[in-house]
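Residue numbers (our numbering), protein chains in the order written: chain A, 1 to 205; chain B, 1 to 205.
Just so you know, even glycine gets a beta-carbon here, dropped at the ideal spot from N, CA and C.
Number of protein chains: 2
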Amino acid sequence: MDQKVDTRSRILDIAEASVLEKGFEATSIEEIVAGAEISRGGFFYHFKDKNALARAMLERYIDAENALYDELFARARELNDDPLHCMLIGLKLLAEMLEDMPSGHPGCVIASTAYQDRLFDEGVRDLNRQAILGWRKRFRGMFEEIAEVYGVKEPVNLDALGDMVSGVVEGGLVLQRALREHNNASEQIMLFRTYLKLLFVPKQT
Amino acid sequence: MDQKVDTRSRILDIAEASVLEKGFEATSIEEIVAGAEISRGGFFYHFKDKNALARAMLERYIDAENALYDELFARARELNDDPLHCMLIGLKLLAEMLEDMPSGHPGCVIASTAYQDRLFDEGVRDLNRQAILGWRKRFRGMFEEIAEVYGVKEPVNLDALGDMVSGVVEGGLVLQRALREHNNASEQIMLFRTYLKLLFVPKQT
DNA sequence: GGGTTAACTGGACTCGCGGTACAGTGGAAG
DNA sequence: CTTCCACTGTACCGCGAGTCCAGTTAACCC
């Protein structure tokens, strides 16, 4: 119970690595149990089927992603109190983080799940949906704060702008995955950052 | 040979519809042959395996997408000769087109393939890569033309900006798929359009 | 009319994987 | 000493991909 990490988490670790590398379908239960050094029976003891595994993985992934955003923007806030600069610093940190990942970022489970969604049940799909809505809310809130202090040079829908953060990250990861380059996602984030710099201008008083 | 469309194309039609709706893995050969009203043997006569099918589908999809871009921006050019306005009009047309699709756009096969790539062979992955590189070149070219006439307010990498078109579309489609909303992709494109309006400014002479 | 070929049909079979069922076991906790 | 948890191990089912192959049908060619 100490040296051997909790089996359930070990299964999730192995499964996540494999799913991010080759996709959900291509990851067999056989291979998960081999990696986790348990029996097939043991796997089904923890997860009633692959769907339950997907659900648990998504939950964990989303929690981790949210924690990451929390930490990133908290640090950004420490560095600068201005909401716009906080956003810009946070995005820079995010971009750097994506770049520092050796062999590229694993890629977002969200997109992967979205494109194979018929494999999953309603619960999994809803989890996915809620995660993106959460990010929309989070970033929309930050943009509202910015808009209180700054003017916008062109009218934009702040919900859509919030979605654009997720969209740019997801899109960047798709490019990165397909191109087999390693910094497309961070490049795209930096480009989006430039957008914000152009969009928000000091309010004339 | 006239009323019965060429069987191969009919297989591809059925398969594409099904793959876009539920994903590649979830589409069984059984169901394709039922839809195309042929026998299993007939399917394997045309495609040696599912991989060959994927490859053919991707080729067709990419060709269609490129033809669409050709047409869209050709029409835009007819409407306005200025390279920036041509780009802006083209994006608007693209956004409108995505919005007009009943029940949303089918979703891009590129992302779908990227996230399941271990299912496919090197040929399929390379096709995917070449498509995105093609779009990069296409849009980069257009941005270069724009940059000859306009100045940029903030320095940007034009390759990355070219990628951003693909990225925003892909990302938007991911959001749309996951959220089950219907106009995220077009919204994201319009937001990107605003970016370009802010980025490119008339050159001071 | 006979021969060749392309485009199939249909059926039998193998294999891997997801999933089920269930009996047994070893160790910790009470 | 018993109970329960967290498994192991094995046997079994069904489905879908993929293989093999023998036979059919229609078209075209000499």
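Item: Backbone CA spacing between Arg125/B and Ile29/B [nearest angstrom]; Value: 21 Å
Item: Runs of alpha helix (DSSP H) wholly within the region 16–43 of chain A (minimum 4 residues, chain order); Value: 29–36
Item: Helix, strand or coil at Tyr115/A according to DSSP, with G and I counted as helix; Value: coil
Item: Contacts of Glu145/A in chain B (Cβ-Cβ under 8 Å); Value: Residues of chain B passing the Cβ test: none, with the nearest at roughly 19 Å.
Item: Proximity test, Cβ basis, 9 Å: Glu170/B and chain A; Value: yes
Item: Contact set between the region 156–184 of chain B and chain A, restricted to residues whose Cβ is under 8 Å from the partner; Value: Val156, Asn157, Ala160, Leu161, Asp163, Met164, Ser166, Gly167, Val168, Val169, Glu170, Gly171, Gly172, Val174, Leu175, Arg177, Ala178, Leu179, Arg180 and Asn184
Item: Residue burial classification, Thr113/A (beta-carbon count within 10 angstroms, cutoff 16); Value: buried
Item: Arg193/A, buried or exposed, once every other Cβ within 10 Å from all chains shown has been counted against 16; Value: buried
Item: Continuous alpha helix (DSSP H) stretch holding Pro83/A: start and end; Value: Pro83 to Asp100
Item: Contact with chain A by Ala15/B, beta-carbon distance below 9 Å; Value: no
Item: Buried or exposed by the 16-neighbour rule on C-beta atoms within 10 Å, applied to Phe44/A; Value: exposed
Item: Near the ligand MN: Val169/A beta-carbon under 8 Å from a heavy atom; Value: For the structure depicted, the ligand MN is absent and the ligand set is empty, with no information on it obtainable.
Item: Leu79/A versus Ala131/B: straight-line alpha-carbon distance, rounded; Value: 41 Å
Item: For Met87/A, the nearest candidate out of Met97/A, Arg75/A and Leu98/A (CA to CA); Value: Arg75/A
Item: 9 Å Cβ cutoff met for Glu145/A and Pro202/A; Value: no
Item: Host alpha helix (DSSP H) of Phe143/A (start-end); Value: Glu122 to Val149
Item: Rounded C-alpha distance that separates Gly23/B from Thr205/B; Value: 53 Å
Item: Straight-line gap, Phe47/B to Asp13/B (C-alpha atoms, nearest Å); Value: 14 Å
Item: 9 Å Cβ cutoff, Gly23/B in contact with chain A; Value: yes
Item: Same chain, Cβ closer than 6 Å to Gly134/B, five either side skipped, listed in chain order; Value: none
Item: Candidates Asp6/B, Asp81/B, Glu122/B and Leu98/B, of which the one nearest Glu170/B by Cα; Value: Leu98/B
Item: Counted within 10 angstroms of its Cβ, other Cβ atoms place Glu16/B as buried (16 or more) or exposed; Value: buried
Item: Residues that Val152/B bridges to, as DSSP identifies them; Value: Phe200/B
Item: Presumed contact (8 Å Cβ cut-off) between Asn283/A and Glu187/B, rounded CB distance; Value: The question about residue 283/A has no answer here: the residues shown for chain A are numbered 1 through 205.
Item: Nearest neighbour of Ala36/A, chosen from Arg8/A, Asp63/A, Ala147/A and Ala26/A [CA to CA]; Value: Arg8/A
Item: Residue environment, Met57/A, which counts as buried when at least 16 other CB atoms sit within 10 Å; Value: buried
Item: Beta carbon proximity, Arg125/B to chain A, threshold 9 Å; Value: yes
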